[in-house]
Amino acid sequence: MRVFPGNWKIAVIRTAAVILIIVLIRVFSLQWFRTFGMSMEPTIKDGSIVFVNKLAYKFRPVQRGDIVVFRTSDRPYVYFVKRVIGLPGEKVEFRDGKLFINGKEVREPYIKELGNWNVKPFIVKDGHLFVCGDNRQTFWEEHLHPQVSMKNITGKVIGYR
Amino acid sequence: MRRKKKRLILRFFILFIFLCLTGVCIRFIFFPDEDAKIRKTINMAVSEIENRDISNFIRHFTLDYRDGFGNTYGTLYIFLRNNINMCRYIDIDISQMEIEREKSEATVKFFARAVIGISNGEIYKEAGRFVLKMRKEDFKWRIFRLDEMEYEFD
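Each protein sequence line maps, in turn, to chains A and B. Position 113, counted from 1, in the first sequence is what the working numbering calls 113; the numbers after and before it change by one each time, with no gaps. In the working numbering, each residue carries its 1-based index in the second sequence increased by 1000.
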């Protein structure tokens, strides 16, 4: 296979097309981040690269258990990786580290060691998601447990390494 | 004759470009604007703390310095002096620096990540958004206030 065809004009057009496609994919579809911190361990280790599909939630709604990347609403922007735990309007509660949604216990197979979180029930606001890290070994107060507006969700994590 | 004229024009054009580039270089190297001076001050402070050079680092702060962690100029200096030798290495990365300036005062927002290796082998990692308030004193930009910004997700 010839990488550079004899006609230089075609070579330039091909190269430009490839660059354009990569830029379009990067801007509209796929983005990657390097993680900093241990809040998603053991699922995503500190220093991993996560790949995010920015179009994922254009065609289907967010589901509980999805790992998402979201950002702060004001500058300077900071991006976070967490797991979706509560959907809009749901009642979330933790009892001895176990998650309860609308009063029913929810199994979390991705958690290796349950913490001892005891959190009184609260309702997830409309248009928001309650997100949480997989590392439950630290105190509840030490972590960020935000209710993130849907407009601040960057996309769904589709892979990490 | 025509060729000579063309060459002369080309020479003038090259000279013009050269003078423009020289002018731009002189403007930015010898007469940096205030924003560039602020950036330089912050970058210098970062590199000094990374090199554990406290005496130069503390010169970037005003004597009435206060921060959101309860430090003053004096307590910051004593804290650094007592703890800096415990650090094997300090690696600080600053990004998304935004400067708002009004005469001799400036507000700088940025995102910072720090990795600190302690002599007992432990590694501390911290990240956050910060607001620096700076003031021009004796022709130099100095920090008089530092606070951590809350995260907003609404």
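Note that CB positions come from ideal geometry on N, CA and C, so glycine has one too.
Could you tell me which of the options sits nearest to residue i, measuring between CA atoms?
i	options	result
K156 (chain A)	A:F33, A:V12, A:T15, A:D66	A:D66
D74 (chain A)	B:D1091, B:F1111, B:K1140, B:G1117	B:F1111
P88 (chain A)	A:R107, A:V18, A:V119, A:F130	A:F130
R187 (chain A)	A:L99, A:L30, A:T43	Because chain A here runs from 1 to 161, residue 187 (chain A) falls outside it and cannot be looked at.
E1137 (chain B)	B:F1030, B:D1033, B:H1060, B:F1016	B:H1060
I1090 (chain B)	B:S1119, B:Y1151, B:Y1073, B:T1072	B:S1119
E1152 (chain B)	A:I21, A:G47, A:K45, A:V78	A:V78
Is any heavy atom in the ligand SAH found nearer than 7 Å to the beta carbon of residue i?
i	result
Y1151 (chain B)	As far as ligands go, the structure on display features none, and thus does not contain the ligand SAH.
Determine the DSSP secondary structure at residue i, reduced to helix, strand or coil.
i	result
F36 (chain A)	coil
G155 (chain A)	strand
Y57 (chain A)	helix
E1122 (chain B)	coil
W117 (chain A)	coil
M1044 (chain B)	helix
M1149 (chain B)	coil
R1052 (chain B)	coil
R1066 (chain B)	strand
L99 (chain A)	strand
S149 (chain A)	strand
K1004 (chain B)	helix
K9 (chain A)	helix
F1013 (chain B)	helix
D1091 (chain B)	strand
Between residue i and residue j, how many whole angstroms is the CB-CB distance? I'm expecting something under 8 Å.
i	j	result
I1084 (chain B)	R1052 (chain B)	5 Å
I49 (chain A)	R34 (chain A)	5 Å
V62 (chain A)	V84 (chain A)	6 Å
Around the C-beta of residue i, are 16 or more other C-beta atoms found within 10 angstroms, so that it is buried, or is it exposed?
i	result
S1019 (chain B)	Per the sequence shown, residue 1019 (chain B) should be read as Leu rather than Ser. Looking at its Cβ environment, which holds fewer than 16 other Cβ atoms inside 10 Å, L1019 (chain B) is exposed.
C132 (chain A)	buried
W8 (chain A)	exposed
V23 (chain A)	exposed
M1134 (chain B)	buried
L1132 (chain B)	buried
T154 (chain A)	buried
G86 (chain A)	buried
V148 (chain A)	buried
Ignore the nearest five residues each way along the sequence and tell me which others in residue i's own chain have a CB closer than 6 Å to its CB.
i	result
R1113 (chain B)	D1093, A1127
F51 (chain A)	W32, I158, G159
E41 (chain A)	N135
I123 (chain A)	K91
M150 (chain A)	G127
Considering only residues of the same chain and omitting the five flanking positions on each side of residue i, which have a CB-CB separation below 7 Å?
i	result
I1099 (chain B)	D1035, I1038, A1106, V1108
P146 (chain A)	V131
A1045 (chain B)	F1057, H1060
Near residue i, what residues of its chain come up, given a Cβ to Cβ distance below 8 Å and the 5 sequence neighbours on each side ignored?
i	result
R136 (chain A)	G97, I111, E113, L114, G115, W117
D1067 (chain B)	L1076, R1145, L1146, D1147
V1024 (chain B)	none
F94 (chain A)	F100, W117, N118, V119, W140
K54 (chain A)	F28, S29, L30, Q31, T154, G155
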